[in-house]
Amino acid sequence: MNYLEYIEDRDRYATGAVAANCIASLFECLEVNGVDLKLIPKMNSSIALRRGLPFSYFDKSSYCHEIFSKLCKEYFKSYEFNENHFAEVSSAALLLALNAKHIEPIKQTSSKSYDFDVSWGEEVIEVEVTRPGEKDAWAQRLAQAQRLANYANGLSREFSINIYLTEILCNDENAQLQSLIFGLKVGERTEEKGKWLLFSEEPYGAPHVLFENVVDRRRPEWWPQNAINGFCVAGMLASPTQKEPLPRVNVKFSCPFHGYINRAKQKATNFQGTRSRPFMLILDANVLGNPFDELARKLEHYFKKWKHMTAVLVYVDFYSRDEVGWEFQLFLNPHATRKLDKFTEQQLSELTERKRAVKKYA
């Protein structure tokens, strides 16, 4: 059946065979679970493609399973996907993309409370899926940075504005900082040590580069050392012929590492596996900044405590002009009590480097 009538634009995101299959898989699953497609808002084609990708990995006979039905029924009520439930579907699809031989979702009525049993060979691995919540420390700091970036960018200044934040500001502190941003002149600098730094400068750098992965030597001396660093940028995008630098707003912030993976720590502390088989935690890290490098540096410390956890699979959605899928990396716990058997370890060992699992749609 052709589902293109339920998307806004029939552009390159929807017309190729792979894209059409992803979109059709999404709408067919919604329809199987009682969603009247004529009653829901039309989807943007690129969103339908990205949302539909995970569904395309499953046989259509499985769409009536609880993992799909709860997601679809919630969507019909609010016209928004429950991101926690979508992460379960996306994680299961990623496991299939990584050549898992068998996946069995665990029913919520079961005494077991993890999400899947998965296997690449004969050995069964218990899998729990998690993602940072809206109230997690990282998500709060990122949202604060985005609000300030949007506010500063809305002032349409002809100079660049740089903001460094280490704390979540209260309402009065936020109002004070916004007032200072509003009155900022080019070349000015002000700070509240231990909390924030604000300065402006003439636009600089290549206009097509939004961020460079280099050591930031302009951080204040009071910037925390044992923390995760994030950023967001607001401003005009350069045209192909742009040569002069453009004014932009750069907001950089820090977050304690324990806040960065707070939900993963909760899952590890409040362990939900049986302790009789290997256990894998899958972390949907889409709202985290630079998850792979930061986790690679920090997980060794936690693995010594999480001996019941065999591996952590971290992923973010990947989307380009012609590919859609996931970027991921597997971290094996050398201290795990329950290790993988030799066959499974051999199958998964190549996933310990950052890789992508994608479909070419255009």
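Counting from 1, position 221 in the sequence shown corresponds to residue 214 in this note's numbering; the numbering is continuous, with no gaps.
Note that CB positions come from ideal geometry on N, CA and C, so glycine has one too.
Here the structure is a predicted model, which means the values were calculated and not measured.
*Look up M273 in the DSSP assignment and give the residues it is bridged to.*
V120, A304
*Quickly, what does DSSP pair Q322 with across the bridge? List them, please.*
Answer by DSSP bridge pairing, in chain order: V307.
*asked:* Suppose you measure from the CA of A79 to the CA of A136; what does that come to, to the nearest Å?
replied: Per the sequence shown, residue 79 should be read as Phe rather than Ala. About 21 Å.
_Residue nearest to E115 in terms of C-alpha spacing, selected from D334, L87, E320_ = D334
_M229 burial status per 10 Å Cβ neighbour count (16 or more: buried)_ = exposed
_On a Cα-Cα basis, can you pick out the residue from L158, P200, L162, H95 that is closest to N217?_
Looking at the sequence shown, residue 217 is not Asn but Pro. Residue L158 is the option with its Cα nearest to P217.
*asked:* For L158, list the residues DSSP reports as bridge partners.
replied: W189, F246
*With distances taken from CA atoms, which of N143, Q171, R314, V25 is nearest A227?*
N143
*State the DSSP-derived secondary structure class of C163, mapped to helix, strand or coil.*
coil
_N14, DSSP secondary structure in three states_ = Correct three-state label for N14: helix.
*asked:* Quick check on DSSP: helix, strand or coil for T330?
replied: coil
_Nearest residue (CA-CA) to N37, options D4, Q340, N222_ = D4
*asked:* Only counting the same chain, and skipping five residues up and downstream in sequence, which positions put a Cβ closer than 7 Å to that of N326?
replied: If the five residues before and after N326 are omitted, its C-beta is found closer than 7 Å to the C-beta atoms of F296, W299, M302, T303, A304, all from its own chain and listed in chain order.
*Are S153 and P196 touching if we call contact CB-CB under 8 Å?*
yes
*Sequence-distant residues of the same chain with beta carbon closer than 8 Å to L42, five excluded per side*: These residues qualify, in order along the chain: Y6, A7, A12, C15, I16, V317, Y354.
*May I ask you to list the residues that DSSP assigns as paired with I96?*
V111
*Since A355 is in the alpha helix (DSSP H), which residue starts that stretch and which ends it?*
It is not in any alpha helix (DSSP H) - A355 carries neither H nor E in the DSSP assignment.
*Could you check where the beta strand (DSSP E) with F296 kicks off and where it finishes?*
No beta strand (DSSP E) holds F296; the alpha helix (DSSP H) holding it covers 284 to 296.
*If you run the structure through DSSP and keep just helix, strand and coil, what is I33?*
coil
_Taking 6 Å as the limit between beta carbons, can you name the residues of its chain near E320, skipping five residues before and five after?_
V309, F311, R349
*asked:* Going by DSSP in three states, K348 sits in which element: helix, strand or coil?
replied: Correct three-state label for K348: strand.
*Strand pairing of S153, partner residues [DSSP]*: E194
*Run the proximity test for E343: is its beta-carbon closer than 7 Å to any non-hydrogen atom belonging to the ligand ADP?*
Annotation note on the ligand ADP: not contained in the displayed structure, which lists no ligands.
*Are the Cβ atoms of I60 and P98 separated by less than 8 Å?*
For the 8 Å CB-CB criterion, I60 and P98 form a contact.
*asked:* Can you tell me whether A41 is helix, strand or coil according to DSSP?
replied: Here DSSP, grouped into helix, strand and coil, assigns A41 to helix.
*Identify every residue that forms a DSSP beta bridge with N222.*
S247
*Go to H78, then tell me how far its alpha helix (DSSP H) extends in each direction, as first and last residue.*
76 to 90
*CA nearest to the CA of A220, picked from D277, N279, R134*: Comparing Cα positions, the closest option is R134.
*asked:* Is the separation between the beta-carbon of P249 and that of A130 shorter than 8 Å?
replied: yes
_Let me make sure I understand the geometry here. Which of F48, E151, R140, A90 has the alpha-carbon closest to that of K178?_
Closest by alpha carbon: E151.
*List the whole-angstrom C-beta distance separating C225 from V202, where the pair is believed to meet the contact cut-off of C-beta under 8 Å.*
Rounded, the Cβ-Cβ distance is 15 Å, inconsistent with contact.
*In three-state DSSP terms, what is G147?*
helix
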